[in-house]
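Engineer: Counting in our numbering, the sequence shown runs from 681 upward without gaps. We put the beta carbon where it would ideally sit given N, CA and C, even for glycine. Since we're looking at a predicted model, the values are computed, not measured. This is the structure, below, for whatever I ask next.
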Amino acid sequence: MDEHEILTPEEQEFTLEDILREFGSGSGDTIHDDVTPELLEDVPLRELLEDLPVAEHLAPREEPELLTWTPRSEDAPAAPSLSDTQSFAPVAPVSSGDTQVLDTAAIRTQAAPTGDVSDDTQAFTPLGEATPAEPFRANPVPEGTEPFSANWEPEYDQPIGEYTPPEPIIFRPRSRLGELKRKLVEGPEQRYYALSEQGVGKLQIALFVSMLIVVLAVASIVLHRLDMVRENRMRLLVFGELFAMLISALLCWERLADGIGNLFKGKFNVDTLLVFSFLSCVVDGVLCLKAVKVPFSAAFCLQSLMCLWSEYQRRSTELCQMDTLRKATRLSRVTKAENCYEGRPGFCTTEGQPEDFMDSYQEVTAPQKALDRFTLGALIASVLVAAAAFAKGGLEAGLHTWSAALLAACPATLLISQTRPAWTLQRRLHRFGSVICGWQGVRASAGKAVVPITDENLLPGGSVKINGVKFYSSRNPDTIIGYATAVMMESGSCLAPLFEHMHKARRSQSFVVDEFKRYGDEGYGALICGESVLMGTQEFLKRMGVEMPAGTRVNQAVYLSIDGEFSGVFALAYGKLKGVSAGLTALCSQRRLTTVLASTNFLLDESFLRSRYGIDTRRIAIPSAEERERLAAWQPETEGSIPCALTTQEGLTGAAFAITGARSLRIASIAGAAVHILGGVVGLAAVLVLTITGRTDLLTPANLLLLELCWAVPGLMLSEWTRNF
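What follows is the structure in structure tokens.
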């Protein structure tokens, strides 16, 4: 170490200036001005450091204790009360003439006295210890004060906690689509893949084989009827007929198993009746084989073919419905609400859910329930007819008559009277992205109703474009476009997006409409920046006194004038609207369904509908402008309403064909059930008459097959009802 760095004890003493320079002069505790360096020269450095406040921070921290403060002398003023604000310095200066010195003996630490604090002693709470809060006590309510009155104050057992603001709502623009797809995956898509695993290939093969069997059975009967079968070949023919019947039953064994299962469940339907027909025909076929007589196998094979066809149609219909829903990116529900127009209910479109269809599409229809009851009655009636035949001709005659009665009571096309209309309809609705919500939707769509047609229905997005703009005023073109856009946006017309797009493309100035008025179905009027703006057809502007130059007539255009001066023409171009035209034609073809124009667009008038869509406007109701405005904003309450159909596409086409298709399906199902019930009653009556009159020889396989084919003609025609609607 350098010798210059070694300090003597005298040099180790610090001066006041060194102390102030080391610890700074801006602290809260200052030394009196009368304290000079000469007075502090004899004070040791250690005592100075102990007396300074900084020494308290430099010293190691000890556990806090209760501190008491006692005045130095009795002459000192009394201690202030606790309500007053007092500040106590840790170092008390002692006055000695003109000189003040620091006295460290004034600070005393001792245990806190018990009991109340005297006037000369003040108690301090150590740092780090919280003062216990007093328990909350509710203010007593005066007697006679009524609850919830002006003087009433509620009592609380506990103090109210801090207010927690609600969490902000997170904006998720795709949450609706995500929730929809999740439901579609859990419902329609899962069911679609389950049906796809079963497939329809086996059913198609079974249908083809069953059709061959029917052809062979019918050919055998025709040969026997024409006496083209030799006597020694008759047993082989009977055996072939019996074998064909067994193969047909084997092909539709699933439906026969369902019929047997319904017996254990206490139900009875067409499948159960088919089981009894098969048992009676098999027993009768065995007896015919012994007697070398032709059994009723051809009629039973025809019923087995129709049974397979109905199963194929049912599975194909369900596959088509699930495929329509699983591909949806939007879902709209078509419901019927009361008091739409002139006291009649009307169809409206709201947001749909997959549950609207999944909960109702497998519901048993009302015509099917009627057929199930009829089949049970037919079984009882056939037993009675067989009993009458047994009483006259014995066991063989009774079994033969029972087989004929069962087959005659169930026309072959009865098995497809409910499945074929739905299958035919759904194949067509699949192209338009629509499904009908079961029989409840079919029932809800019936009756007298109206269908309001809005701008979005007639002119869906992308079907109209601005073909050109021509300005006739000296005003700035951007100002004219800004005025036109402001008026269109205020009107809420379907043309508003076109003008808004043009406005953004030109970056025109935006304006605010001060006043707005509709002039019927001819145009709009507005006040913008103190200037009157008229917008509508050419005839409307002329009637309002606006002068137009020659040669300004443009078909399907919007005319604009500002302050009575003709300013511009906006020509429009329309795309192909075949779907809308087909939907309007379908709606107008329904007699008990009235199409009501609810558009507020002045361009969509009667002449436009007739020229653009080619429909007869006499079938469309065109109410007043006020009524059209009300219908355009009509959104009834849909809580508790029954959904008629679901659509996955925009526009009028899907909803229109769903409504008309449901109405045609109802007619086809009810008419088909009625015709086949009538056919079954007629067949049972014919067998009963032949049995009573003793002409059972006329109950031949050929005559019974002819009866089945006769009733098949109206059955097939009625099932085609839903093909054209």
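When DSSP labels each residue in this structure, what does P1025 get in the three-state scheme?
Structural biologist: strand
Engineer: Among the residues of its own chain, which have a CB less than 8 Å from the CB of E1180, if the five just before and after it don't count?
Structural biologist: Within the same chain, E1180 has close Cβ partners T1165, M1168 and M1169.
Engineer: Could you have a look at E718 and say whether DSSP puts it in helix, strand or coil?
Structural biologist: Confidence is the limiting factor: at E718 the pLDDT is only 49, short of 50, which leaves the residue's position unreliable, though a coordinate-based value still follows. Assigned with DSSP and collapsed to three states, E718 falls in helix.
Engineer: Report the option in S1114, K1197, D907 and A1253 whose CA atom is closest to the CA atom of L1178.
Structural biologist: L1178 has its Cα closest to that of A1253, out of S1114, K1197, D907 and A1253.
Engineer: Would you decide whether W1391 is buried or exposed? Buried here means 16 or more other CB atoms lie within 10 Å of its CB.
Structural biologist: With 16 or more other Cβ atoms inside 10 Å of its own Cβ, W1391 counts as buried.
Engineer: For L1370, which residues of its own chain have a beta-carbon under 7 Å away from its beta-carbon, when the five flanking residues on both sides are left out?
Structural biologist: T1376, L1378 and L1379
Engineer: Buried or exposed for W1119, please, with buried defined as at least 16 other CB atoms from any protein chain shown within 10 angstroms of its CB.
Structural biologist: buried
Engineer: If you follow the alpha helix (DSSP H) that T1280 is part of, which residue opens it and which one closes it?
Structural biologist: Segment: none, T1280 is in no alpha helix (DSSP H) and carries neither H nor E.
Engineer: Which one or two residues does DSSP pair with L1207 in a beta bridge?
Structural biologist: E1195 and S1212
Engineer: Buried or exposed: which applies to N1281, given that a residue is buried once 16 or more other Cβ atoms fall within 10 Å of its Cβ?
Structural biologist: With 16 or more neighbouring CB atoms inside 10 Å of its own CB, N1281 falls in the buried class.
Engineer: Taking only three categories from DSSP, how would you classify S1241?
Structural biologist: strand
Engineer: Can the beta-carbon of P1140 be found less than 7 Å from the beta-carbon of G1331?
Structural biologist: yes
Engineer: Give the secondary structure of V1226 by DSSP, where H, G and I count as helix, E and B as strand, and everything else as coil.
Structural biologist: coil
Engineer: The alpha helix (DSSP H) with N1404 in it runs from where to where?
Structural biologist: Run containing N1404: none; DSSP gives neither H nor E here.
Engineer: Nearest to E1043 by CA position, among Q1098, L1257, E934 and S1212, is which residue?
Structural biologist: For E1043, the nearest C-alpha among the options comes from Q1098.
Engineer: If we require 4 or more residues per run, which alpha helix (DSSP H) segments fall completely within the region 1019-1094?
Structural biologist: Positions of the alpha helix (DSSP H) runs, each at least 4 residues long and wholly inside the region 1019-1094, are given as 1035-1038, 1046-1073 and 1075-1089 in order along the chain.
Engineer: Distance check for A1301 and L1267, CA to CA, integer angstroms please.
Structural biologist: 12 Å
Engineer: Taking the alpha carbon of E957 as the reference point, which residue from P975, V889, E1400 and L1214 has its own alpha carbon closest?
Structural biologist: Per the sequence presented here, residue 957 reads as Ser, with Glu not at that position. Closest option to S957, Cα to Cα, is P975.
Engineer: Which residues in the same chain as C1117 place their Cβ atom closer than 7 Å to its Cβ, once the five residues preceding and following it in sequence are excluded?
Structural biologist: D1036, F1037, S1040, Y1041, P1323, C1324, A1325 and L1326
Engineer: Does the structure place the region 1231-1251 close enough to the region 1146-1166 that three or more beta carbon pairs sit under 8 Å?
Structural biologist: By the Cβ rule, the region 1146-1166 counts as touching the region 1231-1251, because three or more pairs are nearer than 8 Å.
Engineer: Below 8 Å, can you find three or more Cβ-Cβ pairs linking the region 1157-1164 to the region 1122-1139?
Structural biologist: Touching, no.
Engineer: Whole angstroms are fine: how far does the CA of S1083 sit from the CA of F1070?
Structural biologist: Approximately 13 Å, taken between the alpha carbons.
Engineer: Roughly how far, in whole angstroms, is the beta-carbon of R1310 from the beta-carbon of T1275, given that I think they are within contact range, below 8 Å?
Structural biologist: Not a contact, Cβ separation roughly 17 Å.
Engineer: Among residues of its own chain, excluding the 5 on either side of S1143, which ones have a beta-carbon nearer than 7 Å to its beta-carbon?
Structural biologist: Here the set comprises Y1254, G1255 and L1257.
Engineer: What's the C-alpha gap between V1115 and Q878?
Structural biologist: 22 Å
Engineer: Grouping DSSP H, G and I as helix and E and B as strand, with all else coil, what is Y836?
Structural biologist: Confidence at Y836 is low in this model, with a pLDDT of 46, below 50, so the placement of that residue should be treated as unreliable; the coordinate-derived value is given next. DSSP places Y836 in coil when its eight states are reduced to three.
Engineer: Span of the beta strand (DSSP E) holding K973?
Structural biologist: Counting along the chain, K973 falls outside any beta strand (DSSP E), and DSSP gives it neither H nor E.
Engineer: To the nearest whole angstrom, what separates the beta carbons of L860 and L1005, a pair I think is in contact under 8 Å?
Structural biologist: Rounded, the Cβ-Cβ distance is 10 Å, inconsistent with contact.
Engineer: For P1229, count neighbouring Cβ atoms within 10 angstroms of its own Cβ and tell me buried if that reaches 16, exposed if not.
Structural biologist: Label assigned to P1229: exposed.
Engineer: With 16 as the cutoff for other CB atoms within 10 Å, does G941 come out buried or exposed?
Structural biologist: exposed
Engineer: Taking the alpha-carbon positions, what's the L1396 to G858 distance?
Structural biologist: 44 Å
Engineer: Inspect the beta-carbon positions of A1092 and Q983 and report whether they are closer than 7 Å.
Structural biologist: yes
Engineer: Only counting the same chain, and skipping five residues up and downstream in sequence, which positions put a Cβ closer than 6 Å to that of L999?
Structural biologist: So the qualifying residues of the chain are L875.
Engineer: With DSSP as the reference, identify every bridge partner of Y661, one or two as the case may be.
Structural biologist: Since the first residue of the chain shown is 681 and the last is 1405, residue 661 is not available in this structure.
Engineer: Evaluate Q1001 with the Cβ neighbour count: other Cβ atoms within 10 Å of its Cβ, from every protein chain shown; 16 or more gives buried, anything less gives exposed.
Structural biologist: buried
Engineer: Hey, quick one: how far does the alpha helix (DSSP H) through P1177 stretch, first residue to last?
Structural biologist: A1176 to R1186
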